[in-house]
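All remarks here apply to the structure that follows.
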Amino acid sequence: MYRQVIFLFFALAISAQAHDMSPAYPKFRYSQIEGVSVTRMSLYNKRNDASYYEIKVYTKNWDSVPFASAAKIIEVKHTKRYGFDVYVRNSDLDSITYICTMSKVLKKTNVPLISTKICSKVK
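Quick note: the sequence shown uses my numbering, first residue 217, plus one each step.
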């Protein structure tokens, strides 16, 4: 019983650091390219152990959707914000459900690897 109480105490005391992305519910608008729509996203890095984030676009069944951005993997330093555009074909707009970013942590042997994934749901 005491072990469970001690474990619960430590589990509640650990603070989780992640990144955040806004807007939570992005909307696509027409872009300057015919047949393509765009949305503007912003990522804020709260993690001091991760600086690289991968951008992905998914359907409701978590199938990948082709998209374009200035870079698929972006570098965002600790406590910095990075704005990026996501371009998709108009024919894919109805199938898109999530725009996600996932942290990419450099592999170190003596440090546990924790990856965070944050998604915004497309309206």
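The beta-carbon is built from N, C-alpha and C at its ideal position, and this holds for glycine as well.
Task: Chain-order list of residues whose beta-carbon lies under 8 Å from that of H235 (same chain, five-residue window excluded) - done: L259, Y260, N261, K262, R263, A266, Y269, V292, T317, S319, T332 and I334
Task: Reduced DSSP secondary structure (H/G/I, E/B, other) of S331 - done: coil
- [ ] Check each candidate in T255, E250, Y246 and V338 and name the one with the smallest Cα separation from S285.
- [x] T255
Task: Test item: CB-CB of K288 and I271 under 8 Å - done: yes
Task: Nearest-angstrom Cα separation, counted from T313 out to N277 - done: 9 Å
Open item on the list: Assuming S247 and S253 are in contact, meaning their beta carbons sit under 8 Å apart, how far apart are those beta carbons, in whole angstroms?
Closed with: 6 Å
Open item on the list: Threshold first: 3 residues or longer. Then list the beta strand (DSSP E) segments lying entirely within the segment 259-296, N to C.
Closed with: 268-274 and 289-291
Task: Neighbour-count burial assignment, I315, 16 or more Cβ in a 10 Å radius - done: buried
Open item on the list: I'd like to know whether the C-beta atoms of S307 and Y241 end up nearer to each other than 8 Å.
Closed with: no
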